[in-house]
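The next block holds one structure in the form of structure tokens; read it before the comments.
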Amino acid sequence: MLESNQVSPHRMTSDLQNLIELQQIDSQIAALRAEIAALPKHVAAIEAKLAGSKAKVEAAVAAGKADDAARRKHESDIRDQQQKISKYRNQSLNVKTNDEYRALMHEIQFAETNIAKLEDKILELMVAADTRKETLKKAEAELKADAAENDREKEEARQRTAADEKELAELATRRDDLRAAVNEDVLRHYDRVLKLRGTALAAVYEKQMCSGCSVLLRPQMFQDVMTNQQFLTCDTCKRILYYVPPPPKPEDEKSTKKTAVPEPAPPSEDSSSASVS
Ligand SMILES: [Zn+2]
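Written as structure tokens, this is what we have:
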């Protein structure tokens, strides 16, 4: 799994190599678990969107039904008014006085005004019905698209979860192998720091600092870490330290195939300038 070209494996203790891979695997496991945990929330968000589309369609259908009911009511009211008019007309044939006649004519006029108003309302509903039909058509199209997207994304989430779980199982196996190979005390330290800080290892480069907490190492400590042969921890953050040599310069690579970590420079008081000789 670990294909690190930065580290020279033959110069590193097997514990260090195993720990580096173990940390990679623990990070991958944490990322996969986070992904698996996030997927149900993603699915819930998709479902909520679909429910919103369904509600829009239902609202459009309900509005259409309400309009139809209103229209039927207006039509029935018009019939009532028309019956009244017929009745008044019949009565007008038998009235005795002008006053009675005028009163009936007034009633008829009143009913006709009512009918005109109701017909206006029906016309308004008919105009609105066209808009309603468009709204419903649009909502139904959106619902159809959302339903298809919902199915697709849910299937995708299902497949992703299955793949993640398969990968997790593989990583767990490799993790067990690695842990079995590492010294128990070292492993205990690793677990403690991992739990506390999220990472248990820190690389050290030419800048001579712990890459975990950025604290500069003491010169002697740096010399020791450079050997990659000891179990050393950062004084500040307690992460396990390992040295990563700089990549070989192109001209060196051509002349001699030097891949090994150079021998540490002899300890000196001024080791801030300690460089590979
Ligand atoms: Zn540190």
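Counting along the sequence shown from 1, when you hit position 156 you're at 156 in this note's numbering, and nothing is skipped either side. Glycine residues also receive a C-beta, built at the ideal position from the N, C-alpha and C atoms.
Inter-residue Cα distance where the pair is residue i and residue j
| i | j | result |
| --- | --- | --- |
| P246 | S14 | 21 Å |
| I29 | S53 | 37 Å |
| L143 | E149 | 10 Å |
| P250 | A157 | 46 Å |
| F231 | P40 | 42 Å |
| C237 | D146 | 50 Å |
| I85 | T135 | 40 Å |
| M226 | A162 | 42 Å |
| S27 | S214 | 20 Å |
| A290 | E58 | This structure cannot settle anything about residue 290, because the visible part of the chain is limited to 1 through 277. |
| Q109 | S92 | 13 Å |
| I36 | A69 | 50 Å |
| N228 | V244 | 9 Å |
| N183 | A38 | 35 Å |
| E206 | P219 | 12 Å |
| E100 | H106 | 10 Å |
| R160 | S76 | 60 Å |
| I20 | A44 | 37 Å |
| N94 | L104 | 11 Å |
| V186 | L16 | 10 Å |
| V61 | D67 | 10 Å |
| M12 | T173 | 24 Å |
| C180 | M209 | Looking at the sequence itself, residue 180 is Ala, so the reference to Cys does not match. Whole-angstrom Cα-Cα distance: 30 Å. |
| R102 | K96 | 11 Å |
| Q223 | E170 | 37 Å |
| G212 | A48 | 42 Å |
| S275 | H189 | Residue confidence is low: S275 scores 43 on pLDDT, short of 50, so the model does not pin down where it sits. Its coordinate-derived value is still stated next. Straight-line Cα distance between these residues: approximately 31 Å. |
| A55 | L168 | 39 Å |
| N98 | K137 | 58 Å |
| S271 | P248 | In this prediction, S271 has a pLDDT of 42, which is less than 50 and means its spatial position is unreliable; what the coordinates show is noted afterwards. Whole-angstrom Cα-Cα distance: 21 Å. |
Proximity winner among the options, relative to residue i (alpha-carbon distances)
| i | options | result |
| --- | --- | --- |
| L50 | I115, L196, A139 | A139 |
| L22 | A63, L194, R160, S211 | L194 |
| D151 | K249, L118, M226, H42 | H42 |
| R33 | E206, D224, Y205, K166 | K166 |
| A31 | V61, D164, D130 | D164 |
| R192 | T233, A63, A169 | T233 |
| A111 | A63, K87, D130 | K87 |
| G64 | D130, T97, N98, Y190 | D130 |
| M221 | G212, D235, R188 | D235 |
Supposed close pair residue i, residue j - CB separation, criterion 8 Å
| i | j | result |
| --- | --- | --- |
| L178 | N18 | 5 Å |
| A203 | Y242 | 6 Å |
| R175 | I25 | 5 Å |
| L281 | I78 | Any property of residue 281 remains undetermined from this structure, which presents the chain solely from 1 to 277. |
| R71 | L125 | 5 Å |
| I46 | K154 | 7 Å |
| I133 | H74 | In the sequence under discussion, the amino acid at residue 133 is Lys, which differs from the Ile named in the question. That pair is no contact at about 19 Å. |
heavy atom of ligand 2 below 6 Å from residue i C-beta
| i | result |
| --- | --- |
| V225 | Absence of ligand 2 is noted for the structure shown, with ligand 1 being the only ligands found. |
Worksheet item: Could you give the uninterrupted runs of the beta strand (DSSP E) lying entirely in the stretch 59 to 146, keeping only those of 3 residues or more?
Response: none
Worksheet item: Counting Cβ pairs, one atom from each stretch, are 3 or more of them under 8 Å apart for the stretch 95 to 115 and the stretch 65 to 84?
Response: yes
Fill in: 4-residue-minimum alpha helix (DSSP H) runs that sit fully inside the stretch 27 to 52, ordered along the chain
none
Worksheet entry | alpha helix (DSSP H) segments (min. 4 residues) lying fully within the stretch 173 to 214 | 184 to 197
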